[in-house]
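*Asks:* Residue numbers (our numbering): 5 to 178. Don't be surprised by glycine CBs; every beta carbon is placed ideally from N, CA and C.
(1) Considering Cα atoms alone, identify which of 96, 36 and 127 is closest to residue 172.
(2) What number of angstroms, rounded off, separates the C-alpha of residue 170 from the C-alpha of residue 116?
(3) Evaluate contact between the region 45-52 and the region 86-106, counting only Cβ atoms and requiring at least three cross-stretch pairs below 8 Å.
(4) Assuming the contact rule is C-beta atoms closer than 8 Å, residue 10 and residue 67 should be a hit. Round their C-beta distance to whole Å, please.
(5) Can you list, in chain order, the residues of its chain whose CB lies under 6 Å from that of residue 168, leaving out five sequence neighbours each side?
(6) Tell me the rounded alpha-carbon separation between residue 106 and residue 83.
(7) For chain B, is any of its Cβ atoms less than 8 Å away from the one on residue 36?
(8) What's the C-alpha gap between residue 176 and residue 81?
(9) Does residue 164 pass the burial test, meaning 16 or more other C-beta atoms within 10 Å, or should it be called exposed?
(10) With DSSP as the reference, please indicate the residues paired to residue 124 in a beta bridge.
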């Protein structure tokens with residue numbers, strides 16, 4: 005995703021929404037016209053549409069890049085998005101990633117290309133499991149970005165989780 009264009013568009017959206025809000029307040033006091041409010045609403049709608057298109061384009065390009073490597077299977081983790089949305093610090097970022105759209109488009113692309121699509125249960129300890137020795141590290145915090153095991157295995161936490169998802173024994177084929 006082109007982070008600069010998203011950031012720029014979101015900044016412009018905030019500015020245009022403030023302008024729309026001011027026009028509403030001015031209209032309530034008898035100042036601004038309804039036509040000016042409609043024009044401002046259209047600007048805000050266009051910006052929302054632009055941001056949505058940028059994110060959808062990123063999803064499509066990412067899926068095309070994954071499928072282009074022609075893997076025999078693709079494994080993803082079933083995430084509890086509804087609980088992630090309850091966290092007020094994460095909800096905006098989670099909503100903007102479009103997890104459901106990514107999953108459905110990836111599934112459709114896998115069906116189209118004949119790739120096996122696997123979904124691992126949300127309770128599978130992919131991040132806490134050592135890929136080398138198989139020990140589950142119970143005291144791992146979200147802030148720990150490097151996975152360090154007692155067996156000497158040191159790796160990036162996300163990379164370790166991806167290796168564990170690749171080798172997962174229990175999954176559901178969709």
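*Replies:* Quick answer:
(1) For this step, residue 172 is matched to residue 168 along the chain shown. Comparing Cα-Cα distances from residue 172 to each of 96, 36 and 127, the minimum goes to 127.
(2) Along the chain shown, read from residue 1 onward, the residue named residue 170 stands at position 166. Along the chain shown, read from residue 1 onward, the residue named residue 116 stands at position 112. Those two C-alpha atoms are separated by around 21 Å.
(3) no
(4) Taking the chain shown and counting its residues from 1, the one referred to as residue 10 is at position 6. Taking the chain shown and counting its residues from 1, the one referred to as residue 67 is at position 63. With 8 Å as the limit, residue 10 and residue 67 do not qualify as a contact, their Cβ atoms being about 18 Å apart.
(5) Taking the chain shown and counting its residues from 1, one reaches residue 168 at position 164. Counting only Cβ-Cβ distances below 6 Å, and skipping sequence neighbours, we find 130, 133 and 135.
(6) Position 102 of the chain shown, counting from 1, holds the residue named residue 106. Position 79 of the chain shown, counting from 1, holds the residue named residue 83. Roughly 12 Å separates the two Cα atoms.
(7) This model lacks chain B altogether; it includes just one protein chain.
(8) Counting from one through the chain shown, the residue named residue 176 turns up at place 172. Counting from one through the chain shown, the residue named residue 81 turns up at place 77. Taking the straight line from one Cα to the other gives about 10 Å.
(9) Numbered from its first residue, the chain shown carries residue 164 at position 160. Burial call: buried.
(10) Against the chain shown, residue 124 aligns to sequence position 120. Paired residue(s): 81.
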